[in-house]
Amino acid sequence: MLPSDQPGEARAHGPILSEPGSLLEHVAVAVFGMDGEGRVCYWGPGAQGLFGHAAAEILTRPAALLFPPAGSDGDDPRSGPGPAARLAERGRALGYWRVRLPVLHRDGSVFDCGFRVFPVTGTAGGSVVMGLASRSDELDRVKANLAFLDALFETCPIGLVMLDEDLRYVHVNQALADMDGIPAPDHLGRAATEIMITSDGGEFARMLRAVADGGTPLVDTLVGLRTPGHPDRDQVRSFSLFPLSRAVGTRSGVGGLVVDVTDRERALLEATAARRRLDLLDRAGARIGTTLDVDTTARELVDVAVPEFCDGSVVELVEWMDPTEAFDPRLPLFTRRIAARATLSRPAVEQLEGLERVKYPPGSSIHRMFATGRPICVPVDEDFTTRTIAHAERARVILDSGLVSILIAPLVARGTVQGIAMFGRSADRPAFTEQDLSLAGELASRAALCLDNARLYSQVQDIALTLQRALLPDALQPGPHLTVAHRYLPGSRVTEVGGDWYDVIGLPGDRVALVVGDVMGHGVPAAASMGRLRITAEALARHGPEPHDLLTELDLCARESGIELATCLYVAYDPHTGDARISAAGHPPLLVRHPDGTVDTLADAMGVPLGVGGVPFRTMRTHLPDGAVLALYTDGLIEARGRDIDTGLAALRAELGRSEGSLEEMADRILAAMLPAAPTDDTVLVLARIHGATPPPNS
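In the numbering used here, each number is its position in the sequence shown, counted from 1, plus 7.
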């Protein structure tokens, strides 16, 4: 008997209690014997524990001492037929009798006991009535436990399992048998890992062994497995395991509750995947189409997709022979790869990123995708490479890349197929699902619209740039007394073409006019306005007006043409006198580099921009020495983000002062030093060197 089970002690147990040890350790049994005179003739150790009397104290004494003085029927057990007498009488008469009676402990406490009595005949022919007694509350608790366990195994909808110390099935309920797809009797004696088959390298078996060897119970531990009864069904089960005690001193087994949570885990995975898809779409909306540049937009798409959505991605534009004709699946398809990214082997990455022009033969997966107009998923196998990849070496690299499937989506915007986007996954990722096809279609649709916007913008840019270059002079005629180097650099592809212009105009008497201007605005309107001002300035200059008069006429032309704002710098040089007349309309000042390397800034002729009106212009005069270099430019050279005009002008002065060599070399060095890699504005630079200039009159 456990120490807490001593009779007479207060018990804190509930009606159901799990305890280690055998059944006799759960319920103490007292064994005693009564002779024909109702005296105690046998007293076992359990009887002393239950009633409190030592054997020497109770043997040969009346068994009535074991019961309360007043029975429930009012009889006095000490003088009349009381409980002890009835036990002896019924035991002899019936051969076996079971009854529940109150008993008296040696310390005076009274409690109920369950009795089993039966006669035993001795060797001498006399008979003894043997009694077995146990506390009623302990019997009730054990019976409740057994009834509960029987009902639990019969009706519980949760899988229940008992394994022995060798982790073999001892008992399973019907719920677990149904879960396994194997009848309950067919489980018995088989190893747990023979029924619950995992691919975790033995981790599940080690977990069971740790619990069986007295380890900490496990609660809601998830395990993925299959069973012989459902060989094609992947299951996720929640295990709550605890050690089971058997006879004292033996190894423990394992008891457990098993719940099939496959549907729950699948729903959680699907919900998580859905959230990730939404997050990916949100990021795509923010990151794709930040510029109106086709290549940049394509790179943004592959950067969004890899590695979040796939292991490799490419974007290709289709080279249609005739965009107005319908797609012909009998003809090969040519594309231009403009973006690629992958987290694969180095040869595969080099293969994806190194291709520029791709040919897809008729019958390829790309043709099949265009035939449906919807995203498709294809396995990366010999059939795919044979049909889709024309080059054998590239096909082998793709097969060895680790990719197992490719999702191909069309880039369609405004009813026009722009190209294709491909997304590849390796075996380390789940296979593409229908939801992934929808996600890829949404990504491709968003990217296609941005690509189409960029394409249309690029067309407008090309038109504006073509117009501007057509309106700029083809060849400059500086005359024998000037050497000229000129540069025009449009802004980067992400900025619009501006209205910068320049000209060198030959005038009668070997005179030369140098003009640089900038029309506010961008695109085709700015280019057209620039052309109008340049042609007007050239026509006016040939009539020989003073520079301020020429700017006055240009200002009137600008206002009549609707040109809101433009700047201009006009320099008229006469080699016979060495004099230059200068006038400016809101334009950065003329710089003059002297033969000794010093640089002057001629800003005295500064006036308001063209198109403002109402403010007169003026002309300044200066003498230009032989060998002097004039620098005319637009604000794109000296003004940039993060740098104001004054700082840029100081940098240009310094660069011009230290430049040596030919004008062409000087122009290249100045542009390289002054402009960023992706300039945000158009830039004009005109350098003119004086030759054979007439010295000043007082020299």
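We put the CB at the ideal spot given by N, CA and C, even for glycine.
Query, Result
"For M527, report the span of its beta strand (DSSP E) as first-last.", "Run containing M527: none; DSSP gives neither H nor E here."
"Three-state secondary structure (DSSP) at R401?", "helix"
"Based on Cα-Cα distance, which residue from E315, A657, R394 and G538 lies nearest to P437?", "E315"
"Less than 8 Å between CB atoms is the rule here; does L414 satisfy it with respect to chain C?", "In the displayed structure, chain C is absent; only one protein chain is listed."
"Using C-beta distances below 6 Å, list every residue in its chain close to Y103, excluding the 5 sequence neighbours before and after it, in chain order.", "F125"
"Alpha carbon to alpha carbon, how far is F74 from R142? Give it in angstroms, no decimals.", "14 Å"
"Let me know if L3 comes out buried or exposed under the rule of 16 or more other beta-carbons within 10 Å of its beta-carbon.", "For the chain, the structure presents residues 8 to 706; residue 3 sits outside this window and is missing."
"Please state whether DSSP places R113 in a helix, a strand or coil.", "coil"
"Between which residues of its own chain and R565 is the CB-CB distance below 6 Å, once the five residues before and five after are set aside?", "Reading the sequence as shown, one finds Ala at residue 565 and not Arg. Only A573, L617 and G618 meet the Cβ criterion."
"Return the Cβ separation of A592 and D562 in integer angstroms, given the expectation that the two are a contact with Cβ distance under 8 Å.", "7 Å"
"How many angstroms separate the CA atom of G231 from the CA atom of A434?", "19 Å"
"Would H583 be called buried (16 or more neighbouring beta carbons within 10 Å of its own) or exposed?", "exposed"
"What are the residues that DSSP puts in a beta bridge with D581?", "D586"
"Sort A587, D510 and E571 by Cα distance to E545 and report the nearest one.", "D510"
"Could you give the DSSP three-state label for R364: helix, strand or coil?", "strand"
"Does the region 289-296 come into contact with the region 414-424, if we say contact requires no fewer than three beta-carbon pairs (one atom in each stretch) closer than 8 Å?", "no"
"Taking just the CA atoms, how far does R294 sit from T605?", "49 Å"
"DSSP three-state call for D689: helix, strand or coil?", "coil"
"Under DSSP, the alpha helix (DSSP H) around A378 begins and ends at which residues?", "S372 to T379"
"Keeping to the same chain, check which residues put their C-beta closer than 7 Å to that of L359; ignore five residues upstream and five downstream.", "G319, V321, A347 and A349"
"In terms of residue numbering, what span does the beta strand (DSSP E) encompassing P417 cover?", "L410 to A420"
"Using 8 Å as the threshold, is the region 444-456 in touch with the region 301-313, meaning 3 or more CB pairs across them?", "yes"
"Quick one, are the C-beta atoms of T392 and I405 less than 8 Å apart?", "yes"
"Which partner residues of I427 appear in the DSSP bridge assignment?", "E323 and P417"
"Let me know the secondary structure DSSP gives P354 once reduced to three states.", "helix"
"What number of angstroms, rounded off, separates the C-alpha of E400 from the C-alpha of T228?", "48 Å"
"Comparing alpha-carbon positions, which option in L264, S259, C163 and A674 lies nearest L248?", "L264"
"So for F155, helix, strand or coil by DSSP?", "helix"
"Compare the beta carbon distance of D507 and T690 with 8 Å and say whether it is the shorter of the two.", "yes"
"Give the range of the alpha helix (DSSP H) segment to which F58 is assigned.", "P52 to F58"
"Is the beta carbon of M169 less than 8 Å from the beta carbon of V177?", "yes"
"Only counting runs of 3 or more residues, tell me where the beta strand (DSSP E) segments fall wholly within the region 212-243, in order along the chain.", "225-234"
"Check whether the region 237-245 and the region 261-276 touch, using three or more Cβ-Cβ pairs below 8 Å as the test.", "yes"
"With a CB to CB cut of under 6 Å and the five nearest residues on each side skipped, what residues in its chain are close to L225?", "L248"
"Distance, Cα to Cα, A416 vs F430?", "8 Å"
"Using the three-state DSSP reduction, which class does S452 fall into: helix, strand or coil?", "helix"
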